[in-house]
Amino acid sequence: MSTATNIEPTKSPAALPTAKDDSQRRQKEMIGEHYERLAHAKDEGRKVVYTFVPGNLTELLRSLDLLPVLPEINALQAGMRKLSAGYIAEAEKLGHSEDVCTYVKCDIGMMKSGGVGPTGTKIPEPDLLLLSYTGCFTFMKWFELLKEQYNCPVVMLHVPYQGEGEITPEMRKYVVDQLANEVIPALEKLAGKKLDMRELGRRLALSRQAEDDLVAVWESAKHRPSPIDGYFGGVYYIGPIFSAFRGTEDAVKYYRLLRAEVEDRMSRNEGPMTPDGPSPEEKYRLVVEGPPNWTSFTDFWRMFSREGATVVASTYTRVGGLYDEGFRHDPERPLESLAEYCLGCYTNLSLPARTNLIERYVREYEADGFLINSVKSCNSFSAGQLLILREIEKRTGVPGGFVESDLVDPRYFGKANIENRVQSYLQMLEARKGRVVA
Amino acid sequence: MTAATPSDATPHEPAALDPASSVLDEARALVDDLSLATVRQWKAEHPGALAIGYMPIYVPRPFLEAMGCLPVAVFGGGDQTDIIRGDSYFQSYICHIPRSTLELALSKRLDVLDGMLFPSICDVIRNLGGMWQMLFPDRYSAYVDLPQVFDEERGGRFYAAEIRRIAGDLVRRGARPLEDAPLRAALAVENRRRAALMALDELRRVEPWRVRASEAYVIARAGSVLTTPAHTELVNRFLARVAERVPRAYDNVRVVVRGSFCEQPPLALIRTLEASGCDIVDDDLQLGLRFVEGMFDEDAADPLLELVRGYLRKGVATASRYIADDVKGEALVKRVRACGAEGVIFAAASFCDPALLDQPMLEAALDRASIPHTGLKFAENTGQFQVIREQAGAFSDAVKLWGSAV
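Here it is as structure tokens:
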């Protein structure tokens, strides 16, 4: 397996070239192909369903030949391609508050600007809005807003929150009943055919294979040096499985490729790929909580990678499925396991459960530090993070760091300020190491 | 020009002559008492009984009362609380109510409560519930997941299970079991309160000069710390007293206020709107007490199902409730028409995702119906009202002169 250091120039001539490994390039191709498929969906008579990453039901949609569109992915892609500022401005001109989620405003602005997606192709209008209300209150408002714009049905899947830190039989039944009696009939009506449960089972089995490989990738970070960056690199790794590809052969192939690539690096004691090529040295091992900033993603990554800081585990990469806690899609229990998937996404966990998970990551991945990137847009993540920070420090003795930015609003990414904070934090870790050694 | 109508200059007679002043003072004292002395007194009079706090907007209070508990509505610290520790738990872009609520708890002013309930209205209140579990592990707290699917078979069954789960927890802490007869009695008592509040709301609509919104607000909010019968008595006593008020001329614009269902504006802000020439004939302040529109069937064979149905079928359209098949904003337009309002003022708490995400849809509905509107933001401890006064005054002037805010 190649671990070649492929340097690709980014679109901005002023930007530094960015290194990518094979899996990153393949992931990019897959996402591009999906947008291409979407661009021709209407011409080919294919139906399109908008839904969200946490609690997505991709296997179900694919089993009925429906194409998923994930507005968060559109928004973050727009952020990475420097398109989001204009879209947000457009939405704010229309009366959307500066206080609210910028994913929503980016999506509204993109729609009002002609619905051209981040790769330059047209995003088809939805034939149905599948409101998987999982772990984020804003999702509900988001699709109410889209419902105003599109003349299409909306199907609500209310996924209860794990307020008490567990999935109860009543929760599971509630979700399964909705799937069986509301969601599937609505999707069948749209698709014009009945759901073939064998096909659903086949796709869930494919999901399971990909999930096994993804978990192996996450757990490779326990090795020293970690062959992956589980946050900045990790967002590439989750691309296929969190978006339109779970339950596909493409995803299985991708995760096999990725796992082999990572295991190859691990066997040679190599660190992760960074924007500047393979990481030369692992000086600090970090656990990170919170989504990344997308508008200055590479700059943000370099603040860590150039200092030898590798993220060994992150919570953001679990928003679309918490597979390293043992969950797998199960073809023998199709609806129950879809329900458990939805119920188990990271942002659907209670704050104490989130804290316990982070504590486990800090201990099992032998982290030197724990850092929160608190994004203004996302109260689901952000409210309570300062308590998590204190609690993790108290329980593990590992020092916490805290920076603030936003998802896709570049106005909230203060590069100098964030860089100062990150550097100070890493210097503190360095000084602490010296003390510990002494 | 609007700000100085005769009625605004002297809202009512001097306190000594106002027949309602003593009731208002009594209610205001209850609202202002963040030490929850009334709750302490109730607990002293009911040894072993539980006082259960809950965050906005809505929890089904009758089941708590049927179990012998006192439900206590917690609305944060308002503009009376210095935030010393609460701010250190929240980033600057989080709304204000969680930080002042935490301040009250950390300063032991909520110690009288035996438990706290956190209904599913937004991610912040949801996560505050998790913080409560971590900060106060010895105290009972629970998340109340209100369904967003409104059929009885699915949403109803899940919701009933939620109520039974919490009821079971409370029984283990000493509350009486949840049984049909006391639950029917609690529904009946709640109906009496609903009737009293509806009479209060109707009076505001018909004779806004007789009851100002700021007064109705204080009277309604006093119920936060009272048993339902005690609150009903207070509302009815107020209604009897204001009936004695002398009619007076007024020349205000009739407005509806929307957006303040959770974090409450300071009373001075409501008075500022009134002083700017607005008669607030309807609002969503203290929405929890009005969340279920209409009455419960007191004789229902299954009173728990009746409580559940109240939420499913008669729940008010608000930002935390999914609007499935209805047109977004239609309920607001109907409300505006029903109470003869001439405009709407959106007053949302800063950083309140539900209210602020809802607002463009509600504005669009108002635009379609040619109903003028304006919007402002506040925090519960907002202390500067001049800008708000000018904005509301300009709005009421525009509506009065041209029938439009433009």
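If you're matching them up, the sequences are chains A and B in order. Quick note on my numbering: the first sequence kicks off at 1186 and runs consecutively. Quick note on my numbering: the second sequence kicks off at 16 and runs consecutively. Ideal placement from N, C-alpha and C gives every residue a C-beta, glycine not left out.
Close Cβ partners of residue i (< 7 Å) along its chain, the five nearest in sequence each way excluded
{"i": "R1361 (chain A)", "result": "Residue identity differs from the one stated: residue 1361 (chain A) is Val in this sequence, not Arg. The residues are L1520, E1521, A1524."}
{"i": "Q406 (chain B)", "result": "T389, L391"}
{"i": "A1263 (chain A)", "result": "S1269, Y1272, C1291, M1295, P1303, V1593"}
{"i": "G1432 (chain A)", "result": "T1243, E1244, R1247, R1388, L1389, L1391, S1392"}
{"i": "E177 (chain B)", "result": "V159, D160"}
{"i": "R1266 (chain A)", "result": "P1303"}
{"i": "L1385 (chain A)", "result": "E1244, L1245, S1248, P1519"}
Backbone secondary structure at residue i - three-state DSSP
{"i": "P1256 (chain A)", "result": "helix"}
{"i": "R437 (chain B)", "result": "Here chain B covers residues 16 to 421 and nothing more, so residue 437 (chain B) does not appear."}
{"i": "E1396 (chain A)", "result": "helix"}
{"i": "F393 (chain B)", "result": "strand"}
{"i": "I403 (chain B)", "result": "helix"}
{"i": "F276 (chain B)", "result": "coil"}
{"i": "G325 (chain B)", "result": "helix"}
{"i": "C293 (chain B)", "result": "strand"}
{"i": "A364 (chain B)", "result": "strand"}
{"i": "P1465 (chain A)", "result": "coil"}
{"i": "A1199 (chain A)", "result": "Low local confidence applies: a pLDDT of 47 at A1199 (chain A) is under 50, so the model's placement there is unreliable, with the coordinate-based value given in what follows. Coil."}
{"i": "S1208 (chain A)", "result": "helix"}
{"i": "P1370 (chain A)", "result": "helix"}
{"i": "N1564 (chain A)", "result": "helix"}
{"i": "P86 (chain B)", "result": "strand"}
{"i": "P1516 (chain A)", "result": "coil"}
{"i": "N1558 (chain A)", "result": "strand"}
{"i": "Y1235 (chain A)", "result": "strand"}
{"i": "G1599 (chain A)", "result": "coil"}
{"i": "M1356 (chain A)", "result": "helix"}
{"i": "D40 (chain B)", "result": "helix"}
{"i": "S1609 (chain A)", "result": "helix"}
{"i": "K1625 (chain A)", "result": "Nothing about residue 1625 (chain A) can be read from this structure; chain A reaches only from 1186 to 1623."}
Cβ-based burial, residue i [other Cβ within 10 Å; buried from 16]
{"i": "E1244 (chain A)", "result": "buried"}
{"i": "K1332 (chain A)", "result": "buried"}
{"i": "P152 (chain B)", "result": "exposed"}
{"i": "R1383 (chain A)", "result": "exposed"}
{"i": "K349 (chain B)", "result": "exposed"}
{"i": "L1315 (chain A)", "result": "buried"}
{"i": "D23 (chain B)", "result": "Reliability of the predicted coordinates at D23 (chain B) is poor, the pLDDT of 36 falling under 50, and no value is obtained from them."}
{"i": "E357 (chain B)", "result": "buried"}
{"i": "W417 (chain B)", "result": "exposed"}
{"i": "L1261 (chain A)", "result": "buried"}
First through last residue of the alpha helix (DSSP H) which encompasses residue i
{"i": "A69 (chain B)", "result": "In the sequence as presented, Ala is not what sits at residue 69 (chain B); that position holds Tyr. No alpha helix (DSSP H) holds Y69 (chain B); the beta strand (DSSP E) holding it covers 66-69."}
{"i": "S1481 (chain A)", "result": "Segment: none, S1481 (chain A) is in no alpha helix (DSSP H) and carries neither H nor E."}
{"i": "R1470 (chain A)", "result": "Per DSSP, R1470 (chain A) belongs to no alpha helix (DSSP H); it is in the beta strand (DSSP E), 1469-1474."}
{"i": "E1589 (chain A)", "result": "From DSSP, E1589 (chain A) is part of no alpha helix (DSSP H) but of the beta strand (DSSP E) over 1585-1590."}
{"i": "A211 (chain B)", "result": "195-221"}
{"i": "M310 (chain B)", "result": "Taken as a continuous stretch (DSSP letters only), M310 (chain B) belongs to no alpha helix (DSSP H), as it is neither H nor E."}
{"i": "A157 (chain B)", "result": "Looking at the DSSP string, A157 (chain B) is not in any alpha helix (DSSP H); the run it does join, the beta strand (DSSP E), is 155-159."}
{"i": "Y1422 (chain A)", "result": "1419-1427"}
6 Å CB neighbourhood of residue i in its chain, flanking five on each side removed
{"i": "T1502 (chain A)", "result": "G1419, I1423"}
{"i": "E217 (chain B)", "result": "none"}
{"i": "D195 (chain B)", "result": "P318"}
{"i": "F1512 (chain A)", "result": "G1529"}
{"i": "Y1161 (chain A)", "result": "Since the first residue shown for chain A is 1186 and the last is 1623, residue 1161 (chain A) is missing from the structure and cannot be characterised."}
{"i": "L119 (chain B)", "result": "G92, L125"}
{"i": "P197 (chain B)", "result": "A81"}
{"i": "R286 (chain B)", "result": "S229"}
{"i": "K1561 (chain A)", "result": "D1591, Y1597"}
First through last residue of the beta strand (DSSP E) which encompasses residue i
{"i": "N1541 (chain A)", "result": "Run containing N1541 (chain A): none in the beta strand (DSSP E); it sits in the alpha helix (DSSP H), 1536-1549."}
{"i": "G130 (chain B)", "result": "130-134"}
{"i": "V1495 (chain A)", "result": "One detail in the question is off: residue 1495 (chain A) reads as Thr in this sequence, not Val. Taken as a continuous stretch (DSSP letters only), the beta strand (DSSP E) holding T1495 (chain A) covers 1494-1499."}
Residues near residue i by beta carbon distance below 8 Å, same chain, minus five either side
{"i": "A18 (chain B)", "result": "Its pLDDT being 33, under 50, A18 (chain B) is placed unreliably in this model, and the coordinates cannot settle the point."}
{"i": "Y1439 (chain A)", "result": "S1208, R1211, Q1212, M1215, A1395, P1425, F1430"}
{"i": "P1537 (chain A)", "result": "G1350"}
{"i": "V1368 (chain A)", "result": "L1242, L1245, L1315, V1340, L1342"}
{"i": "R100 (chain B)", "result": "L117, E118, L121, S122"}
{"i": "V74 (chain B)", "result": "P86, L132, P134, V159, G303"}
Distance cut-off 7 Å: residue i Cβ against heavy atoms of the ligand ATP
{"i": "K392 (chain B)", "result": "Judged by which ligands are present, the structure shown has none, so any question about the ligand ATP falls away."}
**Report entry** the stretch 67-83 of chain B in contact with the stretch 124-143 of chain B per 3-pair CB rule at 8 Å
**Finding:** Touching, yes, given that three or more Cβ pairs across the two stretches are closer than 8 Å.
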